[in-house]
Amino acid sequence: MANEDQIESILESARLIVCAGPGGVGKTTTSAALGLKGALHGRKVIVLTIDPAKRLANSLGLDELTNDPQQIDLSERIPDQDTDGELWAMMLDQQQTLDDLVARYAPDSGALARSKDNNIYKLLSSTLAGMQEYMALDKLHDLYTGGYYDLVVLDTPPTKNALDFLNTPSRARQFFDDRIMKWFIPSKNQKKGLFSKVFDAGGSVVNTLLGRIFGDSFVQDLVDFFETLSFLQEALRSRGDMIDFILRDPQTHFVVITSADQRRIKEALFFHDKLGQLDQEAAAFILNRVIPGFEADDLTSFDVEDLGDLGDVDVDKFESALSEHYEHLARLAKHNKDLVEKFGKEVGPERLRAIPLFGEDVHDITQLRRLGEYLG
Amino acid sequence: MLDSIKDKRLVFVTGKGGVGKSTCAAALGAALARRGKKTLVVETDAFSAMSELLGKSGKDGTRIKIADNLYAINLQSDECLVRSLTRFLPSERVVRSVTGNRVTEAFFKSAPSVNEFVLLDGILEFVEDNKQLYDHVIVDLPASGHAVTFLNVPDTLNQMMRGVGPFAKRAKVIAGWIHDSSRAAIVAVCLPEEMPVQETIELEDKLEEALGRGLELTMVNMVHPRPFPARFGTAFKEASESAGVNVDPTKEFSEESTATRRVLAGNVLAMSWYKRDRTYLDLLHSKLDAEIVELPMVYETEENDIVDRLANFINSDGQTTETLAS
Ligand SMILES: Nc1ncnc2c1ncn2[C@@H]1O[C@H](COP(=O)(O)OP(=O)(O)OP(=O)(O)O)[C@@H](O)[C@H]1O
Ligand SMILES: Nc1ncnc2c1ncn2[C@@H]1O[C@H](COP(=O)(O)OP(=O)(O)O)[C@@H](O)[C@H]1O
Ligand SMILES: [Mg+2]
Ligand SMILES: [Mg+2]
Chain A
2 MANEDQIESI LESARLIVCA GPGGVGKTTT SAALGLKGAL HGRKVIVLTI
52 DPAKRLANSL GLDELTNDPQ QIDLSERIPD QDTDGELWAM MLDQQQTLDD
102 LVARYAPDSG ALARSKDNNI YKLLSSTLAG MQEYMALDKL HDLYTGGYYD
152 LVVLDTPPTK NALDFLNTPS RARQFFDDRI MKWFIPSKNQ KKGLFSKVFD
202 AGGSVVNTLL GRIFGDSFVQ DLVDFFETLS FLQEALRSRG DMIDFILRDP
252 QTHFVVITSA DQRRIKEALF FHDKLGQLDQ EAAAFILNRV IPGFEADDLT
302 SFDVEDLGDL GDVDVDKFES ALSEHYEHLA RLAKHNKDLV EKFGKEVGPE
352 RLRAIPLFGE DVHDITQLRR LGEYLG
Chain B
57 MLDSIKDKRL VFVTGKGGVG KSTCAAALGA ALARRGKKTL VVETDAFSAM
107 SELLGKSGKD GTRIKIADNL YAINLQSDEC LVRSLTRFLP SERVVRSVTG
157 NRVTEAFFKS APSVNEFVLL DGILEFVEDN KQLYDHVIVD LPASGHAVTF
207 LNVPDTLNQM MRGVGPFAKR AKVIAGWIHD SSRAAIVAVC LPEEMPVQET
257 IELEDKLEEA LGRGLELTMV NMVHPRPFPA RFGTAFKEAS ESAGVNVDPT
307 KEFSEESTAT RRVLAGNVLA MSWYKRDRTY LDLLHSKLDA EIVELPMVYE
357 TEENDIVDRL ANFINSDGQT TETLAS
C-alpha cells in the first residue's frame, strides 16, 4: 500500500487523517501543514486543533476560542496558488463541547438545569481524566458526519501516552457502563436505581464501604449525577460506536508523529502496534525536528577563501570558530541520521518522512508551506 | 544554584512533554545527592525513563539504589490504588472485594481524579516515611493534562466529598503539603521557545490562583550556546548574506550544495537558535520572580552522560566550561 506519494494520495482521498504521537513533537503544526496541503489539492478541509501556539492560532484566524470553524482566506494569504479548496480551522473548547452535548440530549430544560447544577458535573470536564480526548472525538463525530467537509484533519491532545487516545471511546462508555448505571439509575419499572434502593435501605456492604471511603454526601452526589445524566448514556454509547466505526473506516488514515529521540520513537512504535486493534496501520511516520544533515566531512573542504572579501577579520580564527561549532552539530546530526535510518528500517523507509528542525517556530502559513514540502 | 529548593522535602517537576522533564528531574536528583542529600526520584510513567537516564533499572514499583544517596522508583496508579484502599479499608479481604468487584473496579478506573489522587497518596508515603527519611523526594509529574489540575486534585476531591470520610481527610493532608511552599517546591521545566515560555508564565499565575502559591524554580532546558564569538558577527553576516544561505538555511541540507555553504548554513541555524533562546530567556527573566536556571544543550548522545553533565553544571554553579562534548 505504501508508496512514494503515500501522503499525497491520502490527501486526495482520505476523509479523516488522525495525527497521533507523544506531546510536544509537532502534532498541531503537522496537522495544520497537512490541512493546508489538502486544501491546495482542492479539497474542503477542516483542521480540528487542540492547543495551537498563540501565533499559529492567530495566523489561522483563531484569535479566540470559539469552538466554531473559521475559514482561512487562502487567496489572500497565498496569492500565488489558485485553488478551489477551502481551509477551515477550529480550536477545541472542551467545556463548550460538553455543554453542547448535554444540551442536545437533555430531554427537557429541567434536566439540563439539574445537570449543570450538579456538584460533580461542574468539576467533570476539567478533572475527568481523558475528558479532552473524549470531547475531541465527540467534536470529530459532528464535523465528520456534518457533510460539509471533504477531509477532517484531527490533531490529538498532548497526552503522555498516545495510547490513551485510542482507548477513549471505550473509557467514556465504561464510565457510563451499563453495570455501573444499573446501580445508580432507575430502570423503567423501578422508581429507583439499585444503588438508591440499597442506599435508602442502608446496610448493604458496597454501600457502606463506598460511603465509608468517600463520605455519604459524595455518594449521594454521584447517585444524583448518574440519575440526572442518565439521558447521556444512550447518546454516548451510540456516538462511541459511531466514532469507533469512523476510526476503523478505510478512508481514515493515521499519521504517527514523533521526534528523533530514542524513547519517543519507541513510544510511537508501541502506539503503532496498538493501531492494530482498530485494524489500522500508520499511513506515514513523521520524524519532526530532526537536526539537519551537518556532516563532519564538510569541514575538510570548508574554505573561507570561497567567501570573498571578509574585511579585516582574522581569517584563520574566523574559520576555526565556524568549524568548531559545526563539528558539535555534526555529531548530533550523525546521531539523528542513524536514528532515522534505524526507524526507517523498522517501518519501511517509504513510509517515513523527516522534517528538519528549523531556525524559527512554524507559526504562519508561509512556514507551514515550507514544512509541508517535507511531507510530499 | 538551587537555593530555592534546597530545604524543600517535596519537589514537583512539571512541564510539557518532551521538554526534558525527566532529564531535569534526574539531573536535580543527581546534583542534590552529590551534595550529600538523600534523594529519591519518583516517576509515574508507563514507560520508565530512569534506567536510561540514571543508568540503572529495576522493577516497577520497587525502589532501586542508583548511587550514594540517590534512589529511584516508578509508581503505577494500579498498585497505588490497592495500597491506598488498604489503608482506608478495614481489611485486605474488604479491599479485594472492592477492587475485585467489576462494578467498583470500573468505577475506580473511570472516576474523576482517582488515579491522580492515589499516585499523590503513594508519593506522600515516601515523604512521610520516618524510617527512610529523605531530604528530597523529586517527582517527575506526568505530562498529560495540566500541572495545576493535577496538583489541585486533592482539593477537588475534598470539595467533591465535602470533607467527609477518610479519602477526604487524606486529601486534605496532601493538599496541605502541596499548598505549603515552605515544605514543597514546584519546579517548571521549559524550553527557551515561545510556547513553553508563555505557558510557564501562565503557570505561575494559575498556581497563584488555584493554590495560593507560585513556582520556586524554572529550569530552562536545552539552551543553545553562542556558536561563534560576537566579534565575528559582521563578517559572518556579510558572508552568509552574499552566499544567500541566510534565507532558508535548512534547504542547504536537502539540496545540492557545497561544504562551505553547509558550514555557513549550519552556523546560521545555530545563530538563530541562540538568538531565539536569548529572546525568550529575557522574556522569562522579566516576568518571573522564581529562580531561573539555564541548562545548556548538551552535545552528547548517551542520556546517562547528558544527566551527568547537567548535574555537574548545576553543582559548579554553571561554571563548567566543558558543557559541550569534548
Ligand atoms: N540539556 C539537554 N541537552 C541535550 N539533550 C537533552 C537535554 N535535556 C533533554 N535532552 C534530551 O531530550 C529528550 C527528551 O527528554 P526527556 O525524556 O527528559 O523529556 P520529558 O519532558 O520527560 O519527555 P516525556 O514527555 O516523554 O516524559 C531526550 O532524548 C533527552 O536526552
Ligand atoms: N520542524 C520544526 N522546526 C522548528 N520548530 C518546530 C518544528 N515543528 C514544530 N515546531 C515548533 O515546536 C512547537 C511545538 O509544536 P506543536 O505542533 O504545538 O507540538 P504538539 O502539538 O505536538 O504539542 C511550536 O512552537 C512549533 O512552531
Ligand atoms: Mg498540540
Ligand atoms: Mg519524561
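Going down the list, the sequences are from chains A and B. In this text, residue positions in the first sequence follow the numbering used here: the first is 2, and each later residue adds one. In this text, residue positions in the second sequence follow the numbering used here: the first is 57, and each later residue adds one. Idealized CB from N, CA, C, for every residue including glycine.
Problem set entry | Sequence-distant residues of its chain with Cβ nearer than 8 Å to B/E255 (five each side left out) | The residues are K72, C246.
Exercise. Looking only at C-alpha atoms, which of B/D338, B/K94, B/E356, B/K187 sits nearest to B/V349?
Worked result: Restricting attention to B/D338, B/K94, B/E356, B/K187, the CA atom closest to the CA of B/V349 is found in B/D338.
Problem set entry | Limits of the beta strand (DSSP E) - the one that B/Y127 falls within | Residues 126-130.
Exercise. How close, in whole Å, do the beta carbons of B/N125 and B/K93 come, if the pair is a contact with beta carbons under 8 Å?
Worked result: That pair is a contact at about 6 Å.
Exercise. Taking any Cβ of chain A, which residues in the stretch 220-234 of chain B have a Cβ under 8 Å from it, in chain order?
Worked result: Residues passing the 8 Å Cβ filter: V220, G221, P222, F223, A224.
Problem set entry | Cβ-based neighbour list, A/R78, same chain, cut-off 7 Å, excluding 5 preceding and 5 following | The answer, listed in chain order, is I366.
For this session: List the residues of chain B that A/A322 touches, going by C-beta distances under 7 Å, in chain order.
Result: Contacts between A/A322 and chain B, judged by CB atoms closer than 7 Å, involve F284, P285, F288 in chain order.
For this session: State the DSSP-derived secondary structure class of A/K117, mapped to helix, strand or coil.
Result: A/K117 falls in the helix class under three-state DSSP.
Exercise. Does any residue of chain A bring its CB to less than 8 Å from the CB of B/S107?
Worked result: No, no contact with chain A.
For this session: Please confirm whether B/L88 and B/V363 have their CB atoms less than 8 Å apart.
Result: Cβ atoms of B/L88 and B/V363: not closer than 8 Å.
For this session: Please classify B/E406: does DSSP put it in a helix, a strand, or coil?
Result: There is simply no residue 406 of chain B to check, as chain B begins at 57 and stops at 382 in what is shown.
Exercise. Are B/F173 and B/P210 touching if we call contact CB-CB under 8 Å?
Worked result: Contact: yes.
For this session: Check whether the Cβ of A/D362 sits closer than 7 Å to any heavy atom of ligand 3, and report yes or no.
Result: Flag unset: Cβ of A/D362 not near ligand 3.
For this session: Anything in chain B within Cβ reach of A/D362, meaning under 7 Å, just list it in chain order.
Result: Under the 7 Å cutoff, chain B gives E249, E250.
Problem set entry | Members of the stretch 215-229 of chain A near chain B, C-beta cut-off 8 Å | Within the stretch 215-229 of chain A, those residues whose Cβ lies closer than 8 Å to any Cβ of chain B are, in chain order, F215, G216, D217, S218, F219, D222.
For this session: Check whether the Cβ atoms of A/L369 and A/A112 lie closer than 8 Å to each other.
Result: The criterion of a C-beta distance shorter than 8 Å is not satisfied by A/L369 and A/A112.
Exercise. Would you say the stretch 60-72 of chain A touches the stretch 90-103 of chain A, given that touching needs at least three Cβ pairs under 8 Å?
Worked result: Taking 8 Å as the limit for Cβ pairs, the verdict is that the stretch 90-103 of chain A does touch the stretch 60-72 of chain A.
Exercise. By the 10 Å Cβ neighbour count, where 16 or more other Cβ atoms means buried, how is A/P159 classified, buried or exposed?
Worked result: That one is buried.
Exercise. By how many angstroms is the C-alpha of B/A128 removed from the C-alpha of B/I179?
Worked result: Rounded to whole angstroms, the separation of the alpha carbons of B/A128 and B/I179 is 12 Å.
Exercise. By DSSP, does A/A15 sit in helix, in strand, or in coil?
Worked result: Coil, per DSSP.
Exercise. Taking buried to mean at least 16 other C-beta atoms within 10 Å of its own C-beta, is A/V46 buried or exposed?
Worked result: A residue is called buried once 16 or more other Cβ atoms fall within 10 Å of its Cβ, and A/V46 is buried on that count.
Problem set entry | the stretch 237-246 of chain B in contact with the stretch 265-279 of chain B per 3-pair CB rule at 8 Å | The stretch 237-246 of chain B vs the stretch 265-279 of chain B: in contact.
Problem set entry | Residues that B/V324 contacts on chain A, provided the C-beta gap is smaller than 8 Å | What B/V324 touches in chain A: G360.
Problem set entry | Cutoff 8 Å: A/P170 Cβ touching any chain B Cβ | For A/P170, not one C-beta of chain B is nearer than 8 Å to its own C-beta.
For this session: Using DSSP bridges, identify the partner residues of A/F344.
Result: None, per the DSSP bridge assignment.
Exercise. Which word fits A/T301, buried or exposed, when buried means at least 16 other C-beta atoms lie within 10 angstroms of its C-beta?
Worked result: Classification for A/T301: exposed.
For this session: Pull up the distance between the alpha-carbon of A/A3 and that of A/L211, whole angstroms please.
Result: In this predicted model, A/A3 has a pLDDT of only 43, less than 50, meaning its place in the structure is not dependable; the value taken from the coordinates is given anyway. Going from the Cα of A/A3 to the Cα of A/L211 covers about 53 Å.
Problem set entry | Close-in-space but distant-in-sequence residues of the same chain around B/S147 (CB under 6 Å, 5 per side omitted) | If we look at B/S147 and ignore the five residues flanking it on each side, it has no Cβ neighbours.
For this session: Select from A/L333, A/L155, A/D298 the residue whose C-alpha is nearest the C-alpha of A/A261.
Result: Taking only the C-alpha atoms, the option nearest A/A261 is A/L333.
Problem set entry | beta strand (DSSP E) segment containing B/P373, residue limits | Per the sequence shown, residue 373 of chain B should be read as Asp rather than Pro. Element bounds for B/D373: n/a, residue is neither H nor E.
Problem set entry | Where the beta strand (DSSP E) containing A/M91 begins and where it ends | Where A/M91 is concerned, the enclosing beta strand (DSSP E) stretches over 87-92.
Problem set entry | N-terminal and C-terminal residue of the alpha helix (DSSP H) that B/A299 is part of | For B/A299, the enclosing alpha helix (DSSP H) has its first and last residue at 289-299.
Exercise. Going by Cα to Cα distance, which pick from A/I292, A/F226, A/L41 is closest to A/D81?
Worked result: Per the Cα distances, A/L41.
For this session: Put A/R249 into one of helix, strand or coil per three-state DSSP.
Result: Correct three-state label for A/R249: helix.
Exercise. Quick one: does the C-beta of A/N289 sit closer than 7 Å to a heavy atom of ligand 2?
Worked result: Using a cutoff of 7 Å, the CB of A/N289 counts as near ligand 2, since one of the ligand's heavy atoms is closer than that.
Exercise. Residues of chain B with a CB under 7 Å from the CB of A/A54: which are they?
Worked result: When 7 Å is used as the limit between beta carbons, A/A54 is near these residues of chain B: E250, M251, in chain order.
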